[in-house]
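Chemist: Below you will find the structure I want to go over with you.
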Amino acid sequence: VPATSLGGVESLIEHRRTIEGPDSVTPATLLRLSVGIEDAGDLIADLEAALERAGCTG
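Residue numbers for the sequence shown, in the working numbering: 1 to 58.
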């Protein structure tokens with residue numbers, strides 16, 4: 001399986017199915033979140049902003 005991060009310290013969100021290719025059995029709706037060493041408040045703010053921009057907030 002192709003890897004997109006091998007122990008980096010930065011946070012990363014990836015769509016595994018895209019990385020794995022057309023034969024992937026990973027659900028199309030799955031996003032993988034790898035949390036790095038950034039400030040927790042910054043990560044939360046970034047995630048909230050991304051979800052709002054994507055129309056995923058109530």
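The beta carbon of each residue, even a glycine, is placed where N, CA and C say it ideally should be. This structure is a prediction, so every number in the text was calculated from the model and none was measured.
Considering only C-alpha positions, which residue in the set Leu31, Thr4, Pro22 is nearest to Leu51?
Modeler: Considering only alpha carbons, the answer is Leu31.
Chemist: For Arg32, write down the residues that DSSP places opposite it in a beta bridge.
Modeler: Arg32 is bridged to Glu14.
Chemist: Tell me whether Glu48 sits in a helix, a strand or coil according to DSSP, three-state version.
Modeler: Three-state result, Glu48: helix.
Chemist: Restricting to Cα atoms, I'd like to know which of Ser11, His15, Glu20, Pro27 is closest to Ser34.
Modeler: Comparing Cα positions, the closest option is Ser11.
Chemist: If I'm right that Val9 touches Ile44 with Cβ under 8 Å, what's the distance once you round it to whole angstroms?
Modeler: 18 Å between Cβ atoms; not a contact.
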